[in-house]
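Novice: So that we are looking at the same thing, I have put the structure below in structure tokens.
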Amino acid sequence: MRYSNYFIPTVKETPADAEVVSHQLMLRAGMVRKLAAGIYNYLPLGLRSIRKVENIVREEMNRAGAIEILMPSVVPAELWQESERWEQYGKELLRFKDRKDAQFCLGPTHEEVVTDLVRREIKSYRQMPINLYQIQSKFRDEIRPRFGLMRGREFIMKDAYSFDVDEKAADSSYDKMYQAYRRIFERCGLKFRAVEADTGSIGGSSSHEFMVLADSGEDAIVSCSACEYAANVEKAEARPIEAGEHADARALERVATPEKRTIEEVSEFLGVHAAAMIKTLVLLADNEPVVALVRGDHELNEIKLKNFLHCTELEMANDEVVTKVTGAPVGFAGPVGLTVKIVADLAVKGMKNAATGGNEKDLHLKNVNLERDFTVSQFADIRNVVHGDACPRCKDGVMEMWRGIEVGHVFKLGTKYSKALKATFLDADGKDQTIFMGCYGIGIGRTVAACIEQNNDANGIIFPLPIAPFHCIISALNIKEAPVREASELIYQQLVEAGVEVLLDDRDERPGFKFKDADLIGIPLRIVVGSKNLAEGNVELKERKSGEVSLLPIAEAVERVTVAVATALARI
RNA sequence: CGGGGUGUAGCGCAGCCUGGCUAGCGCACCUGCCUUGGGAGCAGGGGGCCGGAGGUUCGAAUCCUCUCACCCCGACCA
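Residue 1746 in this note's numbering sits at position 529 of the first sequence; the count goes up by one each step and never skips.
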């Protein structure tokens, strides 16, 4: 490709509304342009990287035995009503009507559509296992789209769905996908981790997320320093804390705490450590008030509590409800004397002589003790794991925390959708059975963004070769000079013939301008053709990542680039 | 959805508080000269319904009302 005939609108200044570095660089490098909130045009460079990821995904899905199809993005409401997600999915589902007033939505995911297809066509155990996938634009009307391609409303996703005769076979399909995902992200050149995850609105029994490690990541994940355990904090299990010291219960004390509301304020005012306090939170579970207790230095994990309570809606109560439940304004809630259902975190069980709210304005209690002063309906693991917690799986490890970007997610769905949509088959005994499903997603655009998040410097993007829009750029420094032009053309032709994807910068621009652009768009290898070196028969080869420069005869430079590209692509 | 903020040339911004002359600056763009190893220099030039609608006023980018769009924070830590 010749730069002068191509379309790479680079920008020197950083756009004001781009926060994270991947978004800034994708805009500056001319990879994408915004059309509306969370909706983007993919320009040539961005599209090439996206195609690279798609192709890696495609190859690995095919290798794992999955079969590519393409489903429509416009989906009739009936299917979503049949699975009952029409009501459950909420405002993220973009709904609209056609001219006949029939309801439709833009598919945010395709369990219903694929299950409908399969229930019509798959009738026998002989037709399974089967795994169907597609690479397609999805639409989710996100509350707050942000970070460019990282959280868009329209985005390109690979989604795969497996169908099996029983749970064991489904597990095996799941495992194949898990392994395929590892290969995919390794091939993309990413540093990532697979972690246990909550299943959220997709549902199902268990799942893993594939997280690209990056400080700007929206998700917090934990991993054990000693064993293989790794999980999203939403899911990460807290190891029950052993009962505290056997201190004697002291007499309950009422303490005036004027205007001291937060754990921080009260602990400072009373001179007790936050860990010796009980944090009391009032929530509404399907509109029923519930009180959650966690240790003062811990955080409530709403997802755990929600799963424990088996409710569909869980939210923090507003001031009005808090006042009604505790009899005191916000900031003075405590478990003593409450009549509503109380769920306490396991760590609260061993607490002795704790401090907590007095359910009265400007009042807190000291030396509060379980059983003597208050009772708890149920104990459960409802807090967030914190850095340094003991590992729930092994004896020796402690939990370490990371930030990650979720680029892939694999779910065991069981029979949630097949049951709702009556997707059944006849087994070897001629009996009707429900199909076991799994589903497997990869955010294609997000993978490119996550990659840039992980691979950049002050000058711009540093693409790993497998997903770089071009392998090599030839910077022809003074294109008006015949020798430079001819040598550049020669190198270009030879590289193209060798199967290297080359961008020839044949623009009539100053050298510095070309160097800045080349660095910004992140092409891994650069050959500089300048008249001085060329007089000696040499060109310069520079690696974007290391900055390593070598002066080489033309033939050798071509050879080096060809070998480097072949090596990088053959690595796995 | 709650709070805050911003809409002025393709991009980044000033002007608005305190209304007034032709609406400015940098980058980008066009022409010419010059220059050619890290986003050069000089000269000339094009480009704006100041987000939209309504109002106040002799006069509105500027004040008021409504509206649309976008951005940020929050929507869990009482």
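We treat Cβ as the ideally placed atom computed from N, Cα and C, and that holds for glycine. Bear in mind the structure is a predicted one, so any value in this text is a computation, not a measurement.
Take GLN1595 and list the residues in its own chain whose beta-carbon comes closer than 7 Å to its own, dropping the five residues that flank it on each side.
Specialist: Here residue 1595 refers to the residue found at position 378 of the first sequence. VAL1560.
Novice: For VAL1382 and THR1332, I'd like the C-alpha separation in whole angstroms.
Specialist: Here residue 1382 corresponds to residue number 165 of the first sequence, with the count starting at 1. Here residue 1332 corresponds to residue number 115 of the first sequence, with the count starting at 1. Their Cα atoms are separated by approximately 14 Å.
Novice: Around the C-beta of GLN1396, are 16 or more other C-beta atoms found within 10 angstroms, so that it is buried, or is it exposed?
Specialist: Locating residue 1396 in the first sequence gives position 179, where the first residue counts as 1. That one is exposed.
Novice: Given this structure, state the Cα-to-Cα distance separating PHE1409 from PHE1680, to the nearest angstrom.
Specialist: For the purposes of this step, residue 1409 is taken as residue 192 along the first sequence, with counting starting at 1. For the purposes of this step, residue 1680 is taken as residue 463 along the first sequence, with counting starting at 1. The alpha-carbon atoms of PHE1409 and PHE1680 are separated by roughly 16 Å.
Novice: For the alpha helix (DSSP H) that LEU1407 lies in, which residues bound it at each end?
Specialist: For this step, residue 1407 is matched to residue 190 along the first sequence. Note, LEU1407: premise wrong, no alpha helix (DSSP H); not H, not E.
Novice: If you check the beta carbons only, do LEU1187 and ASN1586 fall under 9 Å apart?
Specialist: No statement about residue 1187 is possible, as the shown extent of the chain runs from 1218 to 1789 and does not include it.
Novice: Report the residue ranges of all alpha helix (DSSP H) runs contained in full by the segment 1628-1714; include only those spanning at least 4 residues, in chain order.
Specialist: 1633-1637, 1661-1671 and 1699-1714
Novice: How long is the line joining the alpha carbons of LEU1487 and ARG1467, rounded to whole angstroms?
Specialist: Mapped onto the first sequence, residue 1487 falls at position 270. Mapped onto the first sequence, residue 1467 falls at position 250. The straight-line gap from Cα to Cα measures roughly 16 Å.
Novice: Do the CB positions of PHE1380 and MET1428 come within less than 9 Å of each other?
Specialist: Indexing the first sequence from 1 puts residue 1380 at position 163. Indexing the first sequence from 1 puts residue 1428 at position 211. Between PHE1380 and MET1428, the C-beta gap is not smaller than 9 Å, which leaves the two residues out of contact.
Novice: Can you grab the Cα-Cα spacing for the pair VAL1412 / GLU1714, in whole Å?
Specialist: Residue 1412 sits at position 195 when you count from the first residue of the first sequence. Residue 1714 sits at position 497 when you count from the first residue of the first sequence. Their Cα atoms are separated by approximately 43 Å.
Novice: Could you check the C-alpha separation between VAL1553 and LYS1251 for me, to the nearest Å?
Specialist: As a working mapping, residue 1553 is identified with position 336 in the first sequence. As a working mapping, residue 1251 is identified with position 34 in the first sequence. Cα to Cα, the separation comes out at about 54 Å.
Novice: Which same chain residues end up closer than 7 Å to LEU1769 when comparing Cβ atoms and leaving out the 5 residues on each side of it in sequence?
Specialist: Here residue 1769 corresponds to residue number 552 of the first sequence, with the count starting at 1. Around LEU1769, the same chain offers ASN1755, VAL1756, LEU1758 and ARG1777 as residues with beta carbons nearer than 7 Å, after the five sequence neighbours per side are excluded.
Novice: CA-CA distance, THR1632 and LYS1648?
Specialist: Along the first sequence, read from residue 1 onward, the residue named residue 1632 stands at position 415. Along the first sequence, read from residue 1 onward, the residue named residue 1648 stands at position 431. Looking at the two C-alpha atoms, the distance is approximately 17 Å.
Novice: Given VAL1745, which residues of its chain have a CB within under 6 Å of its CB, disregarding the five upstream and five downstream residues?
Specialist: Start at 1 with the first residue of the first sequence, and residue 1745 comes out as number 528. The residues are SER1692 and GLU1757.
Novice: How would you call ILE1708, buried or exposed, if buried means at least 16 neighbouring beta carbons within 10 angstroms?
Specialist: Reading the first sequence from its first residue, position 491 is the one you call residue 1708. With 16 or more other Cβ atoms within 10 Å, it is buried.
Novice: What three-state label does DSSP hand ARG1600 in the structure shown?
Specialist: As a working mapping, residue 1600 is identified with position 383 in the first sequence. DSSP places ARG1600 in strand when its eight states are reduced to three.
Novice: For THR1479, which option in LYS1762, ALA1645 and GLY1513 has the closest C-alpha, if you only look at C-alpha atoms?
Specialist: Counting from 1 along the first sequence, the entry for residue 1479 is found at position 262. The residue with the shortest Cα to Cα distance from THR1479 is GLY1513.
Novice: I'd like to check one pair, LEU1712 with VAL1627: are the Cβ atoms closer than 9 Å?
Specialist: Mapped onto the first sequence, residue 1627 falls at position 410. Mapped onto the first sequence, residue 1712 falls at position 495. Contact flag unset, no.
Novice: Helix, strand or coil for PHE1732? Go by DSSP, reduced to three states.
Specialist: Translated into positions along the first sequence, residue 1732 becomes position 515. Correct three-state label for PHE1732: helix.
Novice: Expressed to the nearest angstrom, what Euclidean distance is found between the alpha-carbon atoms of ILE1458 and VAL1450?
Specialist: The residue given as residue 1458 occupies position 241 in the first sequence. The residue given as residue 1450 occupies position 233 in the first sequence. Using only the alpha carbons, I get a separation of about 18 Å.
Novice: Hey, is the segment 1292-1307 in contact with the segment 1362-1376, meaning 3+ C-beta pairs nearer than 8 Å?
Specialist: no
Novice: Spatial neighbours of ALA1571 within its chain, please: C-beta separation below 7 Å, excluding the five flanking residues on both sides.
Specialist: Counted from its first residue, the first sequence places residue 1571 at position 354. Result list for ALA1571: ALA1493, MET1494, ILE1495 and VAL1585, in chain order.
Novice: Do VAL1335 and LEU1349 have their C-beta atoms within less than 9 Å of each other?
Specialist: Translated into the one-based positions of the first sequence, residue 1335 becomes position 118. Translated into the one-based positions of the first sequence, residue 1349 becomes position 132. Result yes, Cβ atoms of VAL1335 and LEU1349 sit closer than 9 Å.
Novice: Out of HIS1240, ILE1438 and GLU1481, state which residue places its alpha-carbon closest to the alpha-carbon of ARG1363.
Specialist: The residue labelled residue 1363 in the question sits at position 146 within the first sequence. Among HIS1240, ILE1438 and GLU1481, the Cα nearest to that of ARG1363 belongs to HIS1240.
Novice: Do you know how far the Cα of PRO1686 is from the Cα of GLY1263?
Specialist: Taking the first residue of the first sequence as 1, we reach residue 1263 at position 46. Taking the first residue of the first sequence as 1, we reach residue 1686 at position 469. The straight-line gap from Cα to Cα measures roughly 7 Å.
Novice: What is the residue span of the alpha helix (DSSP H) that GLU1481 lies within?
Specialist: Counted from its first residue, the first sequence places residue 1481 at position 264. Taken as a continuous stretch (DSSP letters only), the alpha helix (DSSP H) holding GLU1481 covers 1480-1487.
Novice: When DSSP labels each residue in this structure, what does LEU1768 get in the three-state scheme?
Specialist: By one-based count along the first sequence, residue 1768 stands at place 551. Strand, per DSSP.
Novice: Return helix, strand or coil for LEU1742, following the three-state DSSP convention.
Specialist: In the first sequence, residue 1742 corresponds to position 525, counting from 1. Note: LEU1742 maps to strand in three-state DSSP.
Novice: If you check the beta carbons only, do LYS1452 and ASP1579 fall under 9 Å apart?
Specialist: The residue you call residue 1452 lines up with position 235 of the first sequence. The residue you call residue 1579 lines up with position 362 of the first sequence. The answer is no: Cβ separation not under 9 Å.
Novice: Is the separation between the beta-carbon of LYS1355 and that of THR1326 shorter than 9 Å?
Specialist: Taking the first sequence and counting its residues from 1, the one referred to as residue 1355 is at position 138. Taking the first sequence and counting its residues from 1, the one referred to as residue 1326 is at position 109. Yes, the Cβ-Cβ distance between LYS1355 and THR1326 is below 9 Å.
Novice: When the distance is taken between beta carbons, is LYS1583 closer than 9 Å to GLY1456?
Specialist: Taking the first sequence and counting its residues from 1, the one referred to as residue 1456 is at position 239. Taking the first sequence and counting its residues from 1, the one referred to as residue 1583 is at position 366. Note on identity: in this sequence residue 1456 is Arg, with Gly being the wrong assignment. For ARG1456 and LYS1583, no; Cβs fall outside 9 Å.
Novice: Check whether the Cβ atoms of VAL1270 and VAL1665 lie closer than 9 Å to each other.
Specialist: Against the first sequence, residue 1270 aligns to sequence position 53. Against the first sequence, residue 1665 aligns to sequence position 448. Going by C-beta atoms, VAL1270 is nearer than 9 Å to VAL1665.
Novice: Around the C-beta of PHE1224, are 16 or more other C-beta atoms found within 10 angstroms, so that it is buried, or is it exposed?
Specialist: Position 7 of the first sequence, counted from the start, is the residue given in the question as residue 1224. Residue burial annotation: PHE1224 is exposed, with fewer than 16 other C-beta atoms found within 10 angstroms of its C-beta.
Novice: Note the first and the last residue of the continuous beta strand (DSSP E) segment covering HIS1240.
Specialist: In the first sequence, the residue the question calls residue 1240 occupies position 23. Note, HIS1240: premise wrong, no beta strand (DSSP E); alpha helix (DSSP H) at 1238-1245.
Novice: Alpha carbons only, please: which of LEU1721, HIS1425, ASP1388 and VAL1539 is nearest the one belonging to GLU1505?
Specialist: In the first sequence, the residue the question calls residue 1505 occupies position 288. Closest by alpha carbon: VAL1539.
Novice: Tell me which residue opens and which closes the alpha helix (DSSP H) that ARG1336 is part of.
Specialist: As a first step, residue 1336 must be located in the first sequence, where it is residue number 119. Where ARG1336 is concerned, the enclosing alpha helix (DSSP H) stretches over 1328-1338.
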